[in-house]
Each structure stands twice: as C-alpha cells, then as structure tokens.
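All remarks here apply to the structure that follows.
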Amino acid sequence: MAFGSFNPARQQSMMSDINVTPMVDVMLVLLVIFIITAPMFTHAVKLDLPRAQAGAVRQQPHTVTIAIDAQGVLYWGNERVDAAGLDARLTDAARQAPQPELQLRADKNTRYEAVAQVMAAAQSRGLAKLGFVTDPNKEK
770 MAFGSFNPAR
780 QQSMMSDINV
790 TPMVDVMLVL
800 LVIFIITAPM
810 FTHAVKLDLP
820 RAQAGAVRQQ
830 PHTVTIAIDA
840 QGVLYWGNER
850 VDAAGLDARL
860 TDAARQAPQP
870 ELQLRADKNT
880 RYEAVAQVMA
890 AAQSRGLAKL
900 GFVTDPNKEK
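Below, the structure is given as structure tokens:
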C-alpha cells in the first residue's frame, strides 16, 4: 500500500490510490438513516368503510352449441343447418348485445377442415368467444 507522506523528498511519484474510507462512512450513515426512517413511510390510515349488500348485476351471455358430426354435417343446437344457414345465424348472433358464447362440439372423426371452416366463419362475423367441448371420459 502506498500512503502519502509529508516528506516530499521521500515520495518520488504521485499517490494514485483512492481513499474510500470517507465514502464508506457516508454510506453507512445513510444506511442507518434509511433503516430508521423506512417504517415511517409505511403508515396507513385506518378507515371503517361501509359494507354494500347488493352485488353487481352481470348478464350471462347466451350459449350456442354448434355440432359437427363425422360426415361434416352442421347442427345449430339440435337443428341441422347448411353452410348458408350457419352464416346467417352467426351474423344474427354477432349482432346481439352480449354476444353469445359459441361451443363447438366435433366428432373425433371429423376432418379438421370442417372445424376450421366453422371457426373462420365465426371469426369473420365478429364473434370472439369460442370454446371447444370435449368428453372428459377417455375411451380405453
């Protein structure tokens, strides 16, 4: 370690070390101050708020089931529809104030193309809520 001296004849070069002791002292003082004052900033005002008994009324959207069998035949609920009838019903459903939730049921042997066409038709009409219904019981 190089310490400075008061004798200029002994010291041949400039002292290049930084004395960090004052900086450490200042940082420790600041740390103690923050530890002491931090609990003062977390005070809360105790309020006795009134309780409301009535809950908000939430409209449940209507649910529409679209089924596709293994041959690709479409059903709106339990009624058989063709592609043009499905488009008309999807357009009517998109105009309803709370849009209905579409639940798509497809046979496991249904081609993906038929499912994708129904999904694309619903999306193009502006229907945003689409769910897939499956059977939770697996075949063994």
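So the sequence shown is residues 770 to 909, counted in our numbering.
Glycine residues also receive a C-beta, built at the ideal position from the N, C-alpha and C atoms.
- Just so you know, the alpha carbons of threonine 903 and tryptophan 845 end up roughly 17 Å apart.
- With respect to leucine 896, glutamine 868 sits close: the two C-beta atoms are nearer than 9 Å.
- In the DSSP assignment, valine 789 falls outside any beta strand (DSSP E), carrying neither H nor E.
- A direct Cα-Cα distance of roughly 34 Å separates valine 798 from serine 782.
- If you check the CB distance, arginine 874 and alanine 836 come in under 9 Å.
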